[in-house]
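K.L.:
Chains as they are written, first to last, in our numbering: chain B, 26 to 172; chain C, 7 to 164. Each residue gets a CB set at the ideal place from its N, CA and C atoms; glycine is no exception.
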Amino acid sequence: MDKIDKQIINALQDGFPICDAPYRRVAAQLGLAEQELIDRLQALLANGVLTRFGPLYNAEQMGGALTLAAVKAPVERFDEIVAIINAFPEVAHNYARSHELNMWFVIATETPERIQQTIHAIEQATGLTVYNMPKIKEYFVNLKLEA
Amino acid sequence: MLDETDRKIIQATQAGLPLTPEPYQTIAEQLGLTANDVMMRLSAMQNSGIIRRIGAVPNHYKLGYRFNGMTVWNIPDEFIDELGQKVGQLQFVSHCYHRPRHPPEWMYNLFAMVHGKTQQAVDEQIQQISALLGEYNLGCDVLYSTKILKKTGFRTTA
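Below, the structure written as structure tokens:
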């Protein structure tokens, strides 16, 4: 990752235009050729520096539902629990965290009812209690991670 | 409200935008629409908040932000909205939520994600939050992410 990659990452966290040739427009702002921007984006996605590039949808606005949930995965079963939980397509993110509640995951479903069903299914499959922590309120933030 | 065409566009783009010179044209061709229709619908979805933004999501770790702390705080319910708004406005907080407690094991109801390249940077951020909360902080903890186990983003099949 060089200086140009960092500029691209910083610029594209702010948004991306909706127009006929958006890469050309962004490339011009960064002083790059259109194809160079596209090639670099491809590389940044391929090597995992970017996890996504595109529209970020708000599941709740689409009638879907989201929740944050956690389990206490016994150390000796940790990998098994990861495999079980990650196998659920409803699980969008999953992080290991330093706490007795050591696995935290986001469940995203198309309907609120599916959240409860998924939690129940995860409890059945793992034998663990799922701590459900749906948001009660979201406070506005505007962070950008400087590359 | 979303119609069937909107949902097709969502499905076609939720994994990402095509890396072609005219990405909206590419989507339009896949779906049998015009590029103009795709662009207008994406704009409308952005204006209504269905699309939070179009852009890039970096992997924190790969940018050097190795210390990603989920800070959790026990705040009296009657003050949480006022304080949650203030915490969310701190420059280094990426997400800030009021979530339910699970007493007696889990008494924390305010969650704020912080990110730093060093432990010291994160410690200073936590100090700032703590100072802001003052006497309303009835207890706190910080859960560091030690590994990303899955990160696929939201998928719909509708």
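1) Starting from C:GLY61, follow the beta strand (DSSP E) in both directions and report where the run begins and ends.
2) Could you check whether the Cβ of C:TRP79 sits closer than 8 Å to any Cβ belonging to chain B?
3) Kindly indicate the opening and closing residues of the alpha helix (DSSP H) around B:ASP27.
4) Of all the CB atoms in chain B, is at least one closer than 8 Å to the CB of C:ALA164?
5) Keeping to the same chain, check which residues put their C-beta closer than 7 Å to that of C:THR40; ignore five residues upstream and five downstream.
6) From what residue to what residue does the beta strand (DSSP E) around C:GLY122 run?
7) Applying the 10 Å Cβ sphere with the 16-neighbour rule, what's the burial state of B:ARG4?
8) Return the CA-CA distance between C:ASN80 and B:LEU91, expressed in angstroms with no decimal places.
9) Helix or strand or just coil, what does DSSP make of B:ALA95?
10) According to DSSP, which residues form a beta bridge with C:ASP147?
11) Expressed to the nearest angstrom, what Euclidean distance is found between the alpha-carbon atoms of B:PRO159 and C:ARG107?
12) In terms of residue numbering, what span does the alpha helix (DSSP H) encompassing B:THR136 cover?
13) Residues of the segment 115 to 131 of chain B with a CB closer than 8 Å to any CB of chain C: list them in chain order, please.
14) Can you grab the Cα-Cα spacing for the pair B:ALA52 / C:SER54, in whole Å?
15) Can you give me the start and stop residues for the alpha helix (DSSP H) that B:PHE103 sits inside?
16) Is the beta carbon of C:LEU155 less than 8 Å from the beta carbon of B:ASN35?
17) Identify the contact partners of C:ARG72 in chain B, using a Cβ-Cβ distance below 9 Å as the criterion.
P.N.:
Well, looking at it:
1) 57 to 64
2) no
3) It is not in any alpha helix (DSSP H) - B:ASP27 carries neither H nor E in the DSSP assignment.
4) Here C:ALA164 scores only 34 on pLDDT, less than 50, and its place in the model is too uncertain to base an answer on.
5) ALA34
6) 116 to 122
7) Only positions 26 to 172 of chain B appear in the structure, and residue 4 of chain B is not among them; the question remains open.
8) 22 Å
9) strand
10) C:VAL78
11) 10 Å
12) B:THR136 -> no alpha helix (DSSP H), and no H or E assigned at all.
13) VAL116, ALA117, HIS118, ASN119, TYR120, ALA121, ARG122, SER123, HIS124, LEU126, MET128, TRP129, PHE130
14) 28 Å
15) 103 to 111
16) no
17) In chain order: nothing, as chain B lies at least about 12 Å away.
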